[in-house]
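Going by full-length UniProt numbering, the first residue of the sequence shown is number 1, and it counts up by one from there. All C-beta atoms, glycine included, are put in the ideal place defined by N, C-alpha and C. Worksheet: the structure to be examined is printed underneath.
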Amino acid sequence: MSAAAPATDATPRATQGTAWWLRRSTGTALCAIAALYTLAPLIWLLFGVTKTLPELYSSNGFSPSAGFHVFGNIADLFRQDDGVFARWILNTAVYAVGGAAVATLLSVAAGYAFDKFDFKGREKWYAVVIAGVLVPHTAIVVPLYLMAAQVRMTDTLWSVLIPVMVNPFGVYLARAYSSGAVPGELLEAARIDGAGELRTFFTVGLRLMGPGALTIFLFQFIAIWNNFFLPLVMLTDNDLFTIGQGLFTWNSAVGQNPDYTRLVVVGSAVATIPLILLFIPLQRRWRAGLAEGGIR
Numbered sequence: 001m002s003a004a005a006p007a008t009d010a011t012p013r014a015t016q017g018t019a020w021w022l023r024r025s026t027g028t029a030l031c032a033i034a035a036l037y038t039l040a041p042l043i044w045l046l047f048g049v050t051k052t053l054p055e056l057y058s059s060n061g062f063s064p065s066a067g068f069h070v071f072g073n074i075a076d077l078f079r080q081d082d083g084v085f086a087r088w089i090l091n092t093a094v095y096a097v098g099g100a101a102v103a104t105l106l107s108v109a110a111g112y113a114f115d116k117f118d119f120k121g122r123e124k125w126y127a128v129v130i131a132g133v134l135v136p137h138t139a140i141v142v143p144l145y146l147m148a149a150q151v152r153m154t155d156t157l158w159s160v161l162i163p164v165m166v167n168p169f170g171v172y173l174a175r176a177y178s179s180g181a182v183p184g185e186l187l188e189a190a191r192i193d194g195a196g197e198l199r200t201f202f203t204v205g206l207r208l209m210g211p212g213a214l215t216i217f218l219f220q221f222i223a224i225w226n227n228f229f230l231p232l233v234m235l236t237d238n239d240l241f242t243i244g245q246g247l248f249t250w251n252s253a254v255g256q257n258p259d260y261t262r263l264v265v266v267g268s269a270v271a272t273i274p275l276i277l278l279f280i281p282l283q284r285r286w287r288a289g290l291a292e293g294g295i296r
């Protein structure tokens, strides 16, 4: 009887080990499927950059061209229509960098104020701001256009730049990060030393909220860089177009110039490069900042 006991005890252990292996294998498989689903369009795009126009229609989308026409395709992209694509990149960079920088500063300041100051109606005003997160962006584009038209601001840089300077979700993130990363005792010490509220915010609060501000900036930068509907409604001047709007214009003119198809594929690939160059170097600080704020 005593010799049979270990086998009985080993059975639940084996069952638990099998269940653990199945759970881990299922999770790994689901992650692999999600990664493949996410990366498949990008892989197709990278292979498409290497091809000529006939190869885009005749060859397998997930195989590179034998001739590897990357540099020639990129050169044609920047030569097309007197080099207007470079202008579109500059416009998109201005909208994304300027809008994200201002939106980040406003979001951090607002989140800090909602967290550290006690004023009448604070939670009600905060609820109004959070309600802005629930409103679809496309639902407010037409009202924004009508307001911009009343002040004759449509078809200008400001018609796109001003709306993206407001980020309700950034305010939510900033308040959540401020509550964990900015101790009230440190602010009180700064005030005792004679620092005003603005100086306390910029010298103490903003520095401690740096990783959170970086997260807000990245989110807003990517959102503005990929923004399509707002510029489409606000702009008709080709020199003010964003990359997305410009590529959409080329794609709409494929009937007049079939080669636009190749240029749209190459332009879409080029448009992803700034996002990759921005995200990868800042990823470590971004993730470390989120973990630090969560621990505090």
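Opening and closing residue of the alpha helix (DSSP H) in which residue i lies
| i | result |
| --- | --- |
| residue 76 | 70-79 |
| residue 259 | Run containing residue 259: none; DSSP gives neither H nor E here. |
| residue 233 | 229-234 |
| residue 240 | Here residue 240 belongs to no alpha helix (DSSP H), and DSSP marks it neither H nor E. |
| residue 199 | 197-200 |
| residue 215 | 210-225 |
| residue 191 | 184-192 |
| residue 174 | 168-181 |
| residue 54 | 53-58 |
| residue 63 | Note, residue 63: premise wrong, no alpha helix (DSSP H); not H, not E. |
Residue from the options with nearest C-alpha to residue i
| i | options | result |
| --- | --- | --- |
| residue 79 | 277, 24 and 267 | 267 |
| residue 280 | 215, 210, 248 and 258 | 215 |
| residue 204 | 211, 212, 194 and 186 | 186 |
| residue 160 | 96, 172 and 180 | 96 |
| residue 278 | 249, 219 and 262 | 219 |
| residue 265 | 32, 77, 40 and 34 | 77 |
| residue 259 | 32, 18, 47 and 56 | 56 |
| residue 271 | 100, 183 and 222 | 222 |
| residue 47 | 154, 269 and 217 | 269 |
| residue 250 | 156, 213 and 84 | 84 |
| residue 103 | 202, 230, 217 and 111 | 217 |
| residue 180 | 276, 21, 111 and 43 | 111 |
| residue 81 | 100, 274 and 263 | 263 |
| residue 213 | 154, 28, 54 and 101 | 101 |
Residue i burial status per 10 Å Cβ neighbour count (16 or more: buried)
| i | result |
| --- | --- |
| residue 66 | exposed |
| residue 115 | buried |
| residue 298 | One cannot answer for residue 298 here, as it falls past the ends of the chain, which runs 1 to 296. |
| residue 2 | Because residue 2 sits at a pLDDT of 46, beneath the cut-off of 50, its placement in the model cannot be relied upon, and the following sentence gives the value as read from the coordinates. When all chains shown are included, residue 2 counts as exposed. |
| residue 225 | buried |
| residue 32 | exposed |
| residue 196 | exposed |
| residue 138 | exposed |
| residue 99 | buried |
Next item on the list: Write down every uninterrupted run of the alpha helix (DSSP H) in the segment 116-140 whose length is 4 residues or greater and which is fully enclosed by it, in chain order.
Entry: Whole alpha helix (DSSP H) segments, 4+ residues: 122-134.
Contact between the segment 246-257 and the segment 159-170: three or more CB pairs below 8 Å? Using a C-beta cut-off of 8 Å, the segment 246-257 makes no contact with the segment 159-170, since fewer than three inter-stretch Cβ pairs fall below that distance.
Exercise for review: Count the C-beta pairs between the segment 142-152 and the segment 101-110 that are closer than 8 Å, then say yes if the count reaches three, no if not.
Suggested key: Segments in contact, no.
| message | Within 8 Å, do at least three Cβ pairs link the segment 80-96 to the segment 235-246? | response | Touching, per the Cβ criterion.
TODO: Check whether the segment 171-190 touches the segment 124-136, taking contact to mean three or more Cβ pairs, one atom from each stretch, closer than 8 Å.
DONE: Verdict: yes, contact present.
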